[in-house]
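For reference, the structure discussed in these notes is given below.
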Amino acid sequence: MELHEFSLRELRQGLRNRDFSSVELTTVLLKRISALNPALNAFVTVTESDALAAAATADARRAAGEDGPLLGIPMAHKDIFCTAGVRTTCGSRMLEHFVAPYNATVVERLTAEGMVMLGKLNMDEFAMGSSNETSYFGPVRNPWHTGMVPGGSSGGSAAAVAAGLVPVATGTDTGGSIRQPAALCGITGIKPTYGRVSRYGMIAFASSLDQGGPMARNAEDCALLLNVMAAHDPRDSTSHPAAASDFLRGLERPLQGLRVGVPEEFFGVGLDPEVAATVQAGIAELARQGAAVQSIRLPNNPHAVSTYYVLAPAEASSNLARFDGVRYTHRAPNPADLTELYQQSRYEGFGAEVRRRILVGTYVLSAGYYDAYYRKAQQVRSLIREDFRRAFAEVDVIVGPTTPTPAFPLGAKNADPVAMYLADIYTIAVNLAGIPALSVPCGFTAAGLPVGMQLMGDYFADDLLLNVAHRYQQETQWHRAHPSVHAREA
Amino acid sequence: MAFDQDTVRRTAHLARIALPQTEIPAVADQLERIMGLVEELRAIETTDVPIMAHPLDLDQPLRPDTVVNQDQREVLMASAPAAEHGLFLVPKVIE
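Right, here's the structure in full:
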């Protein structure tokens with residue numbers, strides 16, 4: 001096995017044994033990024049000299065006797081997390097030259113542990129997309145098949161981890177943006193319970209839905225990262241006082257007696273038969289390990305996509321009002337007056353999908369429509385949460401497919417925004433409720449594309465999801481498969 | 001429901017986005033599709049269903065009212081597209 005395929009546990013052991021230094025490890029991965037990124041477009045910014053300096057610092061800390069689990073381990077951040085001194089674009093022309101004056105809490109905490117940031121990862125513009133094609137910096141390509149999308153919006157993170165450019169990365173998930181690309185690229189990613197991970201310095205899309213989380217090649221690596229990412233943060237008023245936990249502690253618990261619910265609504269019309277069969281085989285493995293599997297109902301889940309496409313654009317239209325061309329964003333040249341400065345800067349700075357969502361949000365919040373759409377959607381959101389409450393009275397974990405199809409070709413869903421929105425049909429209800437959910441690789445299609453199985457848990461059951469995924473990965477090898485990515489021909 | 005071109009123009013003005021006339025028909029069509037998707041919500045029975053604005057039932061937390069931010073005026077102004085004497089420059093608003 002090569003260095004770029006090592007798990008975090010193996011990397012730590014190698015660093016401890018002085019088999020390699022953090023500088024050597026960082027150099028190997030930087031070379032790999034420079035060779036493969038032209039084919040994948042996973043990185044928007046590579047911070048080579050800062051990375052080598054941080055690696056040297058980590059080596060010095062280790063020489064002085066430190067031995068933290070993440071010390072000297074390379075990683076990269078989704079370009080939605082603010083990094084002091086390194087530009088943060090959010091995949092948008094609006095922020096093409098934006099350099100944040102401060103670090104996001106997530107960045108600060110992982111840096112303090114001695115992690116080495118190699119750069120910033122491509123994403124759908126302002127995290128609005130399911131294919132990574134809305135990025136101003138061009139689409140990311142799926143390492144398993146470069147003609148296919150990697151999913152989105154954390155597509156750069158998923159592709160970079162799958163291709164072995166970094167062992168772990170951060171992502172964010174508003175309607176499926178960690179889990180859907182994790183599924184399409186064959187990696188493991190968890191959207192934690194809302195309030196676990198600080199949103200301070202994480203550029204806002206829909207504040208009541210956004211949640212940061214780890215993306216890695218196995219559940220244990222996710223747990224190691226989440227141990228540091230999850231913490232109460234007084235700078236985020238929605239950060240939960242009990243956000244922190246030790247996610248490694250219960251990782252090895254056997255699955256004997258685990259109550260697994262399989263929602264009928266997740267196996268209906270629109271689900272690709274190969275994905276269905278692969279996920280059913282994953283559920284059978286959980287049963288083989290002693291889980292009791294039963295069928296359940298989530299009757300309001302079919303309304304999740306429509307509820308989301310009222311609430312998320314409404315919140316986005318408000319959050320993105322700050323990008324006005326005056327203080328730190330793209331500004332249109334030679335505006336006639338202040339209104340034209342705003343209007344022209346926003347037209348030029350935002351891409352078509354972001355503009356569409358701002359318009360939808362503005363419309364549903366405008367006078368005369370608020371009750372019909374916004375208030376109604378907030379009520380249906382309650383019904384969706386009640387579905388989960390009822391289900392978790394009977395089962396410990398809900399299991400189903402992460403996505404209705406495997407990765408689709410670039411350009412396949414660009415003509416119709418609604419077709420793209422339906423790529424998140426199984427992931428969105430989780431964000432509306434605020435519960436945690438994880439995607440774990442559970443097999444491949446005949447064409448060699450990865451399939452993800454989604455595990456959903458009750459509030460603050462993140463540790464249980466990581467435990468189930470870890471036990472599953474002790475008995476399966478899907479997460480050990482690596483795509484062979486080739487440097488683009490000159 | 002018809003998402004006509006006038007509605008697009010009015011909404012774009014509220015959102016302060018200068019949509020060129022040539023793009024308005026296509027945007028109207030896309031917004032019509034999206035509003036068509038969410039239209040099904042109207043038929044759901046929600047009498048006496050409370051609204052859910054947020055996942056966590058938390059009160060607004062309070063912390064001690066002490067200064068924790070550093071003075072970052074210069075670094076913040078460095079990102080301004082146009083600035084002079086520590087002020088953001090915009091086109092003349094009052095003649």
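Protein chains in written order, with my numbering: chain A, 1 to 490; chain B, 1 to 95. For glycine and all other residues, C-beta sits at the position ideal for the given N, C-alpha and C. Note that the structure is predicted; figures quoted are calculated from it, not measured.
- In the structure shown, A/Gly155 adopts helical secondary structure according to DSSP, grouped into three states.
- Residues of chain A with a Cβ closer than 7 Å to the Cβ of B/His54 are, in chain order, Ser208.
- Judged by DSSP in its simplified three-state form, A/Asn414 adopts coil rather than helix or strand.
- Checking the DSSP bridge columns, you'll see A/Arg259 partnered with A/Ala292.
- When DSSP states are grouped into helix, strand and coil, A/Cys90 belongs to the coil group.
- Here A/His4 carries a helix assignment [DSSP, helix/strand/coil].
- For A/Gly195, the number of other beta carbons within 10 angstroms of its own is at least 16, and it is reported as buried.
- Residue A/Ala206 holds the alpha-carbon nearest to the alpha-carbon of A/Met128 among A/Arg390, A/Val86, A/Ala206.
- Around the CB of A/Gln294, fewer than 16 other CB atoms lie within 10 Å, so the residue is classed as exposed.
- Approximately 19 Å separates the beta-carbon atoms of A/Thr403 and A/Gly457; this is outside 8 Å, ruling out the contact.
- Per DSSP, the continuous alpha helix (DSSP H) segment holding A/Phe388 begins and ends at 376-392.
- Per DSSP, A/Ile358 is one residue of the alpha helix (DSSP H) stretching across 352-365.
- Listed in chain order, the non-local C-beta contacts of A/Leu255 below 7 Å within the same chain comprise Leu286, Gln289, Gly290, Ala291, Val468, Arg471, local neighbours out to five positions each way being set aside.
- Check the Cα spacing between A/Ala104 and each of A/Leu464, A/Ile203, A/Gln473: the tightest is with A/Ile203.
- A/Phe444 is bridged by DSSP to A/Pro450.
- Scanning the stretch 230-290 of chain A from its first residue to its last, the whole alpha helix (DSSP H) runs of 4-plus residues come out as 273-288.
- In the DSSP assignment, B/Lys92 falls outside any beta strand (DSSP E), carrying neither H nor E.
- Distances from the alpha-carbon of B/Ala28 to those of A/Glu475, A/His479, A/Tyr363 put A/Tyr363 closest.
- Here DSSP, grouped into helix, strand and coil, assigns A/Ser439 to strand.
- Taking a contact to require three or more Cβ pairs closer than 8 Å, the stretch 21-41 of chain A and the stretch 68-88 of chain A qualify as touching.
- Here A/Pro214 is bridged, per DSSP, to A/Thr170.
- The Cβ of B/Leu87 sits no closer than 8 Å to any Cβ of chain A.
- A Cβ of chain B is located within less than 8 Å of the beta carbon of A/Phe98.
- Counting along the chain, A/Pro401 sits inside the beta strand (DSSP E) bounded by residues 397-401.
- Listed in chain order, the non-local C-beta contacts of B/Arg42 below 7 Å within the same chain number zero, local neighbours out to five positions each way being set aside.
- If you draw a 10 Å sphere on the C-beta of B/Ile17, you find 16 or more other C-beta atoms in it, and that means buried.
- Secondary structure note for B/Ile34: its alpha helix (DSSP H) is the uninterrupted segment 24-38.
- In this structure, A/Ala377 is the residue among A/Ala377, A/Gly411, A/Val395 with its C-alpha nearest to the C-alpha of B/Glu39.
- Against chain B, the beta carbon of A/Tyr200 has no neighbour under 8 Å; the closest one sits roughly 12 Å away.
- For a Cβ distance threshold of 8 Å, residue set His303, Ser306 of chain A lies close to B/Glu40, ordered along the chain.
- Here the alpha carbon of B/Asp6 sits roughly 11 Å from the alpha carbon of B/His13.
- A/Val197 carries a strand assignment under DSSP once its states are collapsed to helix, strand and coil.
- Between the C-alpha atoms of A/Ser21 and A/Ala58 there is a straight-line separation of about 9 Å.
- With a 10 Å radius around the Cβ and a threshold of 16 neighbouring Cβ atoms, B/Phe88 comes out exposed.
- Annotated three-state conformation of A/Pro38 is helix, per DSSP.
- When DSSP states are grouped into helix, strand and coil, A/Pro335 belongs to the coil group.
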